[in-house]
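J.: Protein chains in written order, with our numbering: chain Z, 3 to 619; chain W, 5 to 166.
We treat Cβ as the ideally placed atom computed from N, Cα and C, and that holds for glycine.
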């Protein structure tokens, strides 16, 4: 395609692409996101492509490999339009039938439909599935409209028209006013008002300014940004460009985790395609605006999610944060004014400018506007990426969308906001997903990780897990974080291994508060949150570890034993065969017995027993 | 493995110290680790002190100072995988190989490493084995997976902590 020299030429291209697609009668949208890829979606897509060509349908049917649809647990997912027919757990062998029956004749294949775990009923369309119908997908729903490697798809769907309009006739100050009025707040964790950040950067002295997209999603248990950047890179780039125009930047960076190879590849392809069309480079669309983007791969350091550490890393050095006496909007990358926003924040920008700030602000609560993507994972039925309006109660997310407990065990808590967030008990589930409300009760929306825990999750172990993570990830620059986390981890390890004392709990609390008050950067300041929130809401569990030497959830190895439930064991012998430690004995068809002295608590017997007869207490 | 030489990796980036991490990423991708000669070449080519190059290599998890085994298992230790029992999987692999995370078995066949998150949280616990993802893993499934990777005729030795 040739270079676009004006707003009109982009409009013309969009019209031409739409006309070219008029003979497409059916679209098969196959999710090729990270979750579905782990379930072999690539083979499914290849098989469907092959069938379409074998059955002579490749001229009128469009097969689109898309980014994440969200319902990862049910992958590989295939959606067929028209009809909104939703197939889950699709295997390559299903390709013939899908093409022959559904694509060619419009007939639905019953066995590939989703079965509701509660009602047992089959859902014919995506919109009948509670996981989707209770959501408000503003960003994620765009994923299925585009092949992330096709700029034509994005333009045909109206992409870059907002940017073009902005460059043609909207002044930077007007953009900033709209973003401010929309109430958009940073989706990466901090929740800082985006419009204010942009305004400060615009006002900062200097001709050379930068915009950065933070795609270093180091938060364990969260993959929202991956879903958006991999699935719709042009949306993020369009948002960045509108931001660059508003703040007066000529250069941008996407700092992306190298552990997300698809996100790296898709954003590189997107940038190349934009350069080819003249959407990046000098005098974009014939205007005075010049802008370019580089893709930088992160080195796998959690602290680089912090803005000053990320900028140090972009400059080629180690990712150590620095004090933010002067904000990065004034003194950022290479000491120039810099606007850094998270992937999801940038992705929200085009729609706000297109539909107006009032449209965006109509969703959400007083202080938290719009929608938020959450990574719903852990011990629940429906795991995946979920997008809800801000203000949606946690219970709606966990029970209605998430489908409730995984194995029928009662749900105990949800951990929100990753290592900087906190654990909330079920009694707080009526609270809304809202920046301010969650912050007040010791947690945070954070980047949107939501890990559900049930009676088999030990809250002391969860706190220990986060401390170990943060100890490993602390850059070591400031003392409170480097030593404080170490000492807290020591105490909590004592507790999980049966050496803890009640007095240590007070010390743990005191240490946590000290680290929160004195650490240099956001990582250190929020590091004690998992400890403080579990102590606040689950203190009896800590006490059971200390006083009774018991881990009621059956997780802390030093405090548990494996045994066999004689009611459930039918003496099949599988556990005896599988136990490499020779710790299980018993005759065929008689209850087996585990020898405590030999048992290494490796969990193999429990994972292999088909009768759920292994008890851990 | 691709075969970009150090010269090719450095091309177009010489005397640009801010390209250090990008250069090291490419070295890691091509060689599977960061050999000393690559650090020296990067230092000279980009105009960065060797000590700073080493500091960067040792700071970021993405960079390895030694090659991994022929079969490399990556265990996801993300929160979602953790609450579904990922710690048991790491212990299983470490016990079965008899080496610590980051080390290679003496025959060079296996290594195991753990990462903070592979980003497929909905399907945890996740184990990545030579590029392919295994989801909903259990200790039992992992043991069989590892056994399947062993060449025929080699015996499993279960290393038990005393």
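How many angstroms separate the CA atom of residue 87(Z) from the CA atom of residue 149(Z)?
T.: In a straight line, the C-alpha of residue 87(Z) is about 19 Å away from that of residue 149(Z).
J.: Take the Cβ of residue 239(Z) as the centre, count every other Cβ of all protein chains shown within 10 Å, and call the residue buried at 16 or more, exposed below.
T.: That one is buried.
J.: Can you tell which of 209(Z), 146(Z), 213(Z) and 537(Z) has the C-alpha that lies nearest to the C-alpha of residue 83(Z)?
T.: Closest by alpha carbon: 146(Z).
J.: Does any residue of chain Z have a CB that is nearer than 8 Å to the CB of residue 6(W)?
T.: Annotation note: pLDDT 47 at residue 6(W) (below 50); position unreliable, coordinate value reported separately. Closer than 8 Å: no.
J.: Go ahead and label residue 333(Z) buried or exposed: buried means 16 or more other beta carbons lie within 10 angstroms of its beta carbon, across all protein chains shown.
T.: Flag for residue 333(Z) reads buried.
J.: Can you give me the Cβ contacts of residue 100(Z) inside the same chain, cut-off strictly under 8 Å, excluding the 5 residues immediately before and after it?
T.: The residues are 30, 50, 53, 80, 82, 89, 92, 111 and 114.
J.: Below 7 Å between beta carbons is the criterion; list the residues of the segment 41-53 of chain W that meet it against any residue of chain Z, in chain order.
T.: Here the close residues number zero.
J.: Output, in sequence order along the chain, the residues in the segment 114-132 of chain W whose CB is closer than 8 Å to any CB in chain Z.
T.: Here the close residues are 119, 120, 121, 122, 123, 124, 125, 126, 127, 128 and 130.
J.: If I measure Cβ to Cβ from residue 510(Z) and keep anything under 8 Å in the same chain, skipping five residues before and after, which residues do I get?
T.: Answer for residue 510(Z): 490, 493, 494, 533 and 537, listed in chain order.
J.: Helix, strand or coil: which one does DSSP assign to residue 405(Z)?
T.: Three-state result, residue 405(Z): coil.
J.: Do the segment 288-302 of chain Z and the segment 248-266 of chain Z make contact, defined as three or more Cβ pairs closer than 8 Å?
T.: Counting Cβ pairs under 8 Å, three or more are found: they touch.
J.: Need the endpoints of the alpha helix (DSSP H) that residue 230(Z) sits in, please.
T.: Its alpha helix (DSSP H) spans residues 226-233.
J.: What first and last residue would you give for the beta strand (DSSP E) that runs through residue 374(Z)?
T.: Taken as a continuous stretch (DSSP letters only), the beta strand (DSSP E) holding residue 374(Z) covers 373-380.
J.: Determine, for residue 55(W), whether the minimum Cβ-Cβ distance to residues of chain Z falls below 8 Å.
T.: By this cut-off, residue 55(W) is not an interface position.
J.: What do you get for residue 637(Z), buried or exposed, if any count of 16 or more other CB atoms within 10 angstroms of its CB means buried?
T.: Residue coverage of chain Z in this structure runs from 3 to 619, which leaves residue 637(Z) outside it and unanswerable.
J.: Quick check on DSSP: helix, strand or coil for residue 455(Z)?
T.: Three-state result, residue 455(Z): strand.
J.: List in chain order: all unbroken alpha helix (DSSP H) runs of 4+ residues lying wholly within the segment 333-365 of chain Z.
T.: Qualifying alpha helix (DSSP H) stretches, in chain order: 345-357 and 359-363.
J.: Residue 270(Z) lies in the alpha helix (DSSP H); which residues open and close that run?
T.: Note, residue 270(Z): alpha helix (DSSP H), 263-279.
J.: Would you mind working out which of 56(Z), 27(Z), 74(Z) and 17(Z) sits nearest residue 43(Z), comparing C-alpha positions?
T.: Checking every option, the nearest Cα to that of residue 43(Z) belongs to 74(Z).
J.: So residue 501(Z) is in the alpha helix (DSSP H); what residue range does that whole segment cover?
T.: Segment: none, residue 501(Z) is in no alpha helix (DSSP H) and carries neither H nor E.
J.: By Cβ distance below 6 Å, which residues in the same chain neighbour residue 518(Z) in space, the five residues on each side in sequence not counted?
T.: 527 and 530, listed in sequence order.
J.: With DSSP as the reference, label residue 6(W) as helix, strand or coil.
T.: At residue 6(W), the pLDDT of 47 sits below 50, so the modelled position is not reliable; the number obtained from the coordinates is stated separately. In this structure, residue 6(W) counts as coil in the three-state DSSP scheme.
J.: Taking the continuous beta strand (DSSP E) assigned at residue 152(W), which residues delimit it?
T.: Not the beta strand (DSSP E): residue 152(W) falls in the alpha helix (DSSP H), residues 143-153.
J.: Distance check for residue 161(Z) and residue 107(W), CA to CA, integer angstroms please.
T.: Each residue's alpha carbon lies about 48 Å from the other.
J.: Does the distance from the C-beta atom of residue 389(Z) to that of residue 139(Z) stay below 8 Å?
T.: Contact flag set, yes.
J.: So is residue 165(W) buried or exposed if we call it buried at 16+ other beta carbons inside 10 Å?
T.: Unreliable placement is indicated for residue 165(W), whose pLDDT of 41 sits below 50; the coordinate value is still reported in the next sentence. With fewer than 16 Cβ atoms within 10 Å of its Cβ, residue 165(W) is classed as exposed.
J.: Buried or exposed for residue 70(W), going by 16 or more other Cβ atoms inside 10 Å?
T.: Exposed is the call here.
J.: Are the Cβ atoms of residue 413(Z) and residue 406(Z) separated by less than 8 Å?
T.: Yes, Cβ-Cβ distance for residue 413(Z) and residue 406(Z) is below 8 Å.
J.: Look up residue 300(Z) in the DSSP assignment and say whether it is helix, strand or coil.
T.: Looking at residue 300(Z) - three-state DSSP - the assignment turns out to be strand.
J.: Exposed or buried, which one is residue 27(W) when buried takes at least 16 other CB atoms within 10 Å?
T.: Residue 27(W) should be labelled buried.
J.: Hey, residue 15(Z) and residue 157(Z): beta-carbon distance below 8 Å or not?
T.: Contact flag set, yes.
J.: Interface residues of chain Z around residue 4(W) at Cβ under 7 Å?
T.: Since the first residue of chain W shown is 5 and the last is 166, residue 4(W) is not available in this structure.
J.: Please go through the same chain and pick out, in chain order, the residues whose beta-carbon is closer than 8 Å to the beta-carbon of residue 513(Z), but skip the five residues on each side of it.
T.: Closer than 8 Å at the Cβ level, and outside the excluded window around residue 513(Z), lie 486, 489, 490, 493 and 530.
J.: Given this structure, state the Cα-to-Cα distance separating residue 409(Z) from residue 460(Z), to the nearest angstrom.
T.: Residue 409(Z) and residue 460(Z): Cα-Cα distance of roughly 16 Å.
J.: Please list the segments of the beta strand (DSSP E) lying wholly inside the segment 85-144 of chain Z, counting only runs of 3 or more residues, in order along the chain.
T.: Those beta strand (DSSP E) runs which fall completely within the segment 85-144 of chain Z and span 3+ residues are 87-89.
J.: Under 8 Å, Cβ to Cβ, is there at least one residue of chain W near residue 210(Z)?
T.: Not one chain W Cβ lies under 8 Å of residue 210(Z).
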